[in-house]
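**Q**
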Amino acid sequence: MSFASLLLPFLVLTILSILLIINIIAFFSTFLKRNIVCLLFSLAVILGGMWVTTNIVPLAKITHILPTTYFDALEVISGEMMFTLGNANINFINGVIVLTISNLVLMAAYYFFSDFSWKKKKKEKVMVVSNDSKETYHNDKATKATWGYIKFTSKRVLCRKSNIVMILLTVVVAVVFLLMNMGNQSKLEETIKGQIINNEKYIQEVQKEQSEHKKGSAEYINYGNLIKDSKNDNEDYKKVLSSIEKEDWETVYTLYPKILEKQITDLKHNESENIDGIQFFQQQIAYFEYLQEHDLAYENIDFPIYGLSFTTSLTKIILPIILTICCIYLLAQFFTLDYVKGLDISVLYPLQSKKTFLTKLMLGIVFTVVMYSVLLLSILLITTLFTGNAGLQQPFMLQNSEGVWQAVSMISMFKKWFFLGVLFTINLSIFVYILSFLIREDMFVLITALLVILGFVYLPKLVRGIAQYAHLFPTTYMDSVNVADGFLAQQYGNTSISISTGISVLLVSIVVQFIICIILNNAYKLRKIRKR
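Here the sequence shown is numbered in UniProt numbering, starting from 1 and rising by one per residue.
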């Protein structure tokens, strides 16, 4: 591997490792009084973790989930650590994931527990609910205030009619697409009927040409062979058509690929070789072979109708934009709720600023992830009820770098693109929180977020020079299915666009944005103190 190819992964792991060390020290500082004791405890945890990683043999199988494993970035990205510990899961991608999650957990823990440090435990905590009543509450009331805040804001946002209408409209759009796809299930039958008609016309033309030659001549015999082949093809087509009408799909799966293979052979012998036509027939062959091998029901490859296959198809076309708009609309309302005139939530549910920040951000993330999941699940369930087939094992067609088509199950692809979609919604939630902190008007937050997100999504398509850097944009991974099947990488001519790159970029983006949120929250807190 070249130095240039190792440099970026090395820097990413090193920066995440340094951040982890800082967060470990910060976490212990919330409990320990003296700096030297805090430093010793932090060193013990860090060095102890590194020692355990390399010396405790029984733990070798789980070392890939220990963040200290990835402190030696060079050994990790070169593969030396993987061979030394005998754990194939130790690699750059897992390192980014483990270190990012560890940093997020420690940051959240530090930010939460810093309000309950040993210095504050010596004093009885008192919170004033209102200046009029002067009623005081002890620490055991803080939990009730937190749950009260969660319930109040949740009801305020989730019970809005516009949000319910938005979800229903999304489901209606999905049902419309489903009905359109169901109306296109006879495409195969229509194609075969059309081929039979074309062959009959071709036979008539050849018979006319044959009649102009003398019987027994070479030309006459050649035309006779063409007529015979076309008639045989028509017989095969009629058998397939009859099997489709009888719904004898096993016969269709056996006969139709043979017809397609013959058509590929004819195209290859043609002087003007049709590459696109060959690719299409090869895809169809792989598709039918998979259906036969796994004994699955037929659906048109371009117009799927079964549960997960339809949901995946819709997510590949239009659903990412709809889901993004829905999530931004919900977040814009929720994050600007505290800034609505005449609504002082802090009086109703008094919380410390750090706890309010964390509660608000986590609620926003939960809302978007739940909305994303519920909408997908609703479409999946409705489609399954319509067709009686969940489509979990239906084939998802992939083309490798050599142009060979292969089929994998829908459920295996779903695990990849769904996880990427969840990471994108988390990233989106934090981004909208930052915007709402700066703008504080729900409509302006909505418009700005839509312009920025959708602008960056379509920018690589409009400006070709940017496409080579598209893998570094978190917005690229909004279209998670097209990332998973390699379509975006092919469209942009950027092979770096992949599931693994997407996970790394989104996780790093989440960490960076979370740090920005902390900085903004602290700056706002200091500004309020100075005003007093």
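Note that the Cβ used here is the ideal one computed from N, Cα and C, for glycine as well. Remember, predicted model here, so these are calculated numbers, not experimental data.
#1: Tell me, please, whether the stretch 318-335 touches the stretch 217-231 by the rule of three or more beta-carbon pairs shorter than 8 Å.
#2: Round the Cβ separation of Ile-203 and Lys-231 to the nearest angstrom and send it over; I've been treating them as touching at under 8 Å.
#3: Whole-angstrom Cβ separation of Ala-523 and Ile-382, contact assumed at under 8 Å?
#4: In the structure shown, what three-state DSSP assignment does Leu-8 receive?
#5: Where does Leu-423 fall in DSSP's three states?
#6: Assign Pro-257 to one of three DSSP states: helix, strand, or coil.
#7: Is it right to say Cys-38 is buried, meaning 16 or more other beta carbons lie within 10 angstroms of its own, or is it exposed?
#8: When we look at the beta-carbon of Met-362 and count the other beta-carbons within 10 Å, is it buried (16 or more) or exposed?
#9: If you draw a straight line from the alpha carbon of Leu-446 to that of Gly-364, how long is it in whole angstroms?
#10: By Cβ distance, which residues of its chain are closer than 6 Å to Ser-243, with the 5 residues on each side in sequence left out?
#11: Go ahead and pull the three-state DSSP assignment for Gln-406.
#12: Would Asp-276 be called buried (16 or more neighbouring beta carbons within 10 Å of its own) or exposed?
#13: What does the alpha-carbon distance come out to for the pair Ala-73 and Gly-421?
#14: Are three or more beta carbon pairs between the stretch 448-461 and the stretch 480-487 nearer than 8 Å?
#15: What are the partner residues of Met-397, as DSSP defines its beta bridges?
#16: Given this structure, state the Cα-to-Cα distance separating Phe-367 from Leu-377, to the nearest angstrom.
#17: When we look at the beta-carbon of Ser-509 and count the other beta-carbons within 10 Å, is it buried (16 or more) or exposed?
#18: Looking only at C-alpha atoms, which of Thr-324, Tyr-433 and Ile-503 sits nearest to Thr-336?
#19: I think Asp-236 touches Ile-259, with their Cβ atoms under 8 Å apart; what is that distance to the nearest whole Å?
#20: How many Å lie between Asn-300 and Ile-321 at the Cα?
#21: Specify the secondary structure class of Lys-134 as computed by DSSP and reduced to three states.
#22: How far does the alpha helix (DSSP H) with residue 550 in it extend, from its first residue to its last?
#23: According to the Cβ coordinates, are Met-478 and Thr-324 closer than 9 Å?
#24: State the start and end residues of the unbroken alpha helix (DSSP H) segment that holds Leu-178.
#25: What did DSSP end up calling Pro-304 once you bin it into helix, strand or coil?
#26: Could you pull out every residue in the same chain whose Cβ sits closer than 6 Å to the Cβ of Asn-89, ignoring the five residues on either side in sequence?
#27: Within 10 Å of its beta-carbon, does Gly-403 have 16 or more other beta-carbons around it, so buried, or fewer, so exposed?
#28: Tell me whether Val-463 sits in a helix, a strand or coil according to DSSP, three-state version.
#29: Going by beta-carbon coordinates alone, are Gln-399 and Ser-409 separated by less than 9 Å?
#30: Quick one: grab the DSSP three-state call for Lys-215.
#31: Can you tell me which of the three DSSP states Thr-475 falls into?
#32: Around the Cβ of Tyr-469, are there at least 16 other Cβ atoms within 10 angstroms (buried) or fewer (exposed)?
#33: Where does Tyr-298 sit, in a helix, a strand or coil, going by DSSP?
#34: Just to confirm before moving on: does the CB-CB distance between Leu-507 and Ile-97 stay below 9 Å?
#35: Classify Gln-333 as helix, strand or coil using the three-state DSSP reduction.
#36: Taking Phe-10 and Ile-77 to be in contact with their CB atoms under 8 Å, please state how far apart those CB atoms are, rounded to whole angstroms.
**A** Taking the coordinates as given:
#1: Between the stretch 318-335 and the stretch 217-231 there are fewer than three C-beta pairs closer than 8 Å, too few to call the two in contact.
#2: Counting from 1 along the sequence shown, the entry for residue 203 is found at position 203. Counting from 1 along the sequence shown, the entry for residue 231 is found at position 231. 7 Å between Cβ atoms; contact.
#3: Against the sequence shown, residue 523 aligns to sequence position 523. Against the sequence shown, residue 382 aligns to sequence position 382. That pair is no contact at about 46 Å.
#4: For the purposes of this step, residue 8 is taken as residue 8 along the sequence shown, with counting starting at 1. Helix at Leu-8.
#5: For the purposes of this step, residue 423 is identified with residue 423 of the sequence shown, where counting begins at 1. Leu-423: helix per DSSP, three-state reduction.
#6: As a working mapping, residue 257 is identified with position 257 in the sequence shown. Helix.
#7: Here residue 38 refers to the residue found at position 38 of the sequence shown. With 16 or more other Cβ atoms within 10 Å, it is buried.
#8: Against the sequence shown, residue 362 aligns to sequence position 362. Classification of Met-362: exposed, given that the 10 Å Cβ count is below 16.
#9: Here residue 446 corresponds to residue number 446 of the sequence shown, with the count starting at 1. Here residue 364 corresponds to residue number 364 of the sequence shown, with the count starting at 1. Distance from the CA atom of Leu-446 to the CA atom of Gly-364, rounded to whole angstroms, is 14 Å.
#10: Indexing the sequence shown from 1 puts residue 243 at position 243. Here the set comprises Thr-251 and Val-252.
#11: Looking up residue 406 in the sequence shown gives position 406. Of the three classes helix, strand and coil, the one that applies to Gln-406 here is strand, per DSSP.
#12: The count along the sequence shown starts at 1 and reaches residue 276 at position 276. By the neighbour-count rule (16 or more Cβ atoms within 10 Å), Asp-276 is not buried but exposed.
#13: Taking the first residue of the sequence shown as position 1, residue 73 is located at position 73. Taking the first residue of the sequence shown as position 1, residue 421 is located at position 421. The straight-line gap from Cα to Cα measures roughly 28 Å.
#14: No, the stretch 448-461 is not in contact with the stretch 480-487.
#15: Position 397 of the sequence shown, counted from the first residue, corresponds to residue 397. Answer by DSSP bridge pairing, in chain order: Ala-407.
#16: Within the sequence shown, the letter at position 367 stands for residue 367. Within the sequence shown, the letter at position 377 stands for residue 377. Straight-line Cα distance between these residues: approximately 15 Å.
#17: Walking along the sequence shown from the start, residue 509 turns up at place 509. Buried.
#18: In the sequence shown, residue 336 corresponds to position 336, counting from 1. Among Thr-324, Tyr-433 and Ile-503, the Cα nearest to that of Thr-336 belongs to Tyr-433.
#19: Position 236 of the sequence shown, counting from 1, holds the residue named residue 236. Position 259 of the sequence shown, counting from 1, holds the residue named residue 259. Yes, they are in contact, since the Cβ atoms of Asp-236 and Ile-259 sit about 5 Å apart, within 8 Å.
#20: Sequence index remark: in the sequence shown, residue 300 carries index 300 (1-based). Sequence index remark: in the sequence shown, residue 321 carries index 321 (1-based). If you take the alpha carbons of Asn-300 and Ile-321, they lie about 25 Å apart.
#21: Position 134 of the sequence shown, counted from the start, is the residue given in the question as residue 134. With a pLDDT of only 40 at Lys-134, under the threshold of 50, the placement of this residue in the model should not be trusted, and no figure is reported.
#22: For residue 550 there is no data in the structure shown, the boundaries of the chain being 1 and 532.
#23: Along the sequence shown, read from residue 1 onward, the residue named residue 478 stands at position 478. Along the sequence shown, read from residue 1 onward, the residue named residue 324 stands at position 324. The answer is yes: Cβ separation under 9 Å.
#24: The residue labelled residue 178 in the question sits at position 178 within the sequence shown. Per DSSP, Leu-178 belongs to the alpha helix (DSSP H) from 161-182.
#25: On the sequence shown, position 304 is the one that residue 304 refers to. Coil, per DSSP.
#26: Counted from its first residue, the sequence shown places residue 89 at position 89. Only His-64 meet the Cβ criterion.
#27: To locate residue 403, count along the sequence shown from 1; it is residue 403. The residue is exposed, with fewer than 16 neighbouring Cβ atoms inside 10 Å.
#28: The residue given as residue 463 occupies position 463 in the sequence shown. In the structure shown, Val-463 sits in coil (DSSP, three-state: anything other than H, G, I, E or B).
#29: Locating residue 399 in the sequence shown gives position 399, counting from the first residue. Locating residue 409 in the sequence shown gives position 409, counting from the first residue. Contact: no.
#30: On the sequence shown, residue 215 is found 215 positions in, with the first residue counted as 1. Correct three-state label for Lys-215: coil.
#31: Locating residue 475 in the sequence shown gives position 475, where the first residue counts as 1. If DSSP states are grouped into helix, strand and coil, Thr-475 belongs with the helices.
#32: Working through the sequence shown from its first residue, we reach residue 469 at position 469. Label assigned to Tyr-469: exposed.
#33: Position 298 of the sequence shown, counting from 1, holds the residue named residue 298. Coil.
#34: Counted from its first residue, the sequence shown places residue 507 at position 507. Counted from its first residue, the sequence shown places residue 97 at position 97. Yes, these two residues count as a Cβ contact at 9 Å.
#35: Your numbering for residue 333 matches position 333 in the sequence shown. Three-state result, Gln-333: helix.
#36: What you label residue 10 is simply residue 10 of the sequence shown in a count that begins at 1. What you label residue 77 is simply residue 77 of the sequence shown in a count that begins at 1. About 6 Å; that satisfies the 8 Å criterion.
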